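Residue numbers (the working numbering): 55 to 257.
A virtual CB, placed ideally from N, CA and C, is assigned to each residue, including glycine.
Computed from a predicted structure; not experimentally measured.
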Amino acid sequence: MERKNCVLADKIRIDQLVRSHRRTIALMITPEASPKPSIPSFVDGEKFPYLGELYSFQAYDGSRIRIEGGLLFPRDLLPQARQEMEFWYKQEAAKVIPERVEHHMKIMGVRHSGVRMSSARTRWGSCGPSGDVQFSWKLVMAPLPVIDYVVVHELAHLTVRDHSKRFWALVAEFYPAYRQCRRWLKDNQRMLDLTEKHGSVPY
Ligand SMILES: [Zn+2]
């Protein structure tokens, strides 16, 4: 019961975020808003992206990473900050992305055979031959509309495997703002990493 409430609370929180994000989509996906890419050093005041917002890193005396005003980071974990941050992003991705997949799957009337998270550097998402869809955990750093675009893109591959006109027409039908989101990913791909090294993205 407690777990169900927790899932429901997460769902409400995400729905609210999507609604507020949709209003500000044009503003949010301007590349000027993104920080200069650099290798993170995990010092107070450094900015980290989460769902398209930048949060100020702040070491504190708690035991877990929290978003509360800024990004509160346990002081005791500073020696292994990069691994801990990566682990936290992965956990958040595993909460947020499958929920968006379920949401769009219902609207699009398709069915996948499983959702998995990946650490792929050069692909934001993929759709396997057996109908399983896979997403990079790094996407959780991007704005929700961008996550939604990648989700719709991969779910559209369940119907059309290639990147033909028919495929893009299907993406446009379910996600009219997809061009802005593709642009955002191209412009900000280096931001969505903790190491700054990134290859090309196929979007
Ligand atoms: Zn594709």
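In this structure, the CA atom of proline 152 is about 26 angstroms from the CA atom of serine 117.
Between valine 187 and tyrosine 143, the C-beta gap is not smaller than 9 angstroms, which leaves the two residues out of contact.
One alpha carbon belongs to alanine 210, the other to glycine 185, and they sit about 11 angstroms apart. Taking a contact to require three or more Cβ pairs closer than 8 angstroms, the region 214-223 and the region 123-135 do not qualify as touching. Between the alpha carbons of glycine 179 and glutamine 234 lies a distance of about 17 angstroms.
A buried status is given to proline 103, since no fewer than 16 other beta-carbon atoms sit within 10 Å of its beta-carbon. Annotation: the continuous beta strand (DSSP E) that includes aspartate 186 extends over 186-190.
Ligand 1 approaches histidine 211 closely enough that one of its heavy atoms is under 8 angstroms from the residue's Cβ. Methionine 171: member of the beta strand (DSSP E) spanning 168-172, first to last residue. The continuous alpha helix (DSSP H) containing isoleucine 161 extends over residues 135-162. Phenylalanine 127 is bridged by DSSP to Ala113. Burial state of proline 230 is exposed, judged by a 10 Å Cβ sphere holding fewer than 16 other Cβ atoms. Proline 197 carries a coil assignment under DSSP once its states are collapsed to helix, strand and coil. Between the alpha carbons of serine 190 and histidine 166 lies a gap of roughly 17 angstroms.
In the DSSP annotation of this structure, the continuous segment of the alpha helix (DSSP H) that includes phenylalanine 228 starts and ends at 219-228. In this structure, ligand 1 has no non-hydrogen atom nearer than 8 angstroms to the beta-carbon of cysteine 235. Restricting attention to Thr213, Asp98, Arg170, the CA atom closest to the CA of valine 164 is found in Thr213.
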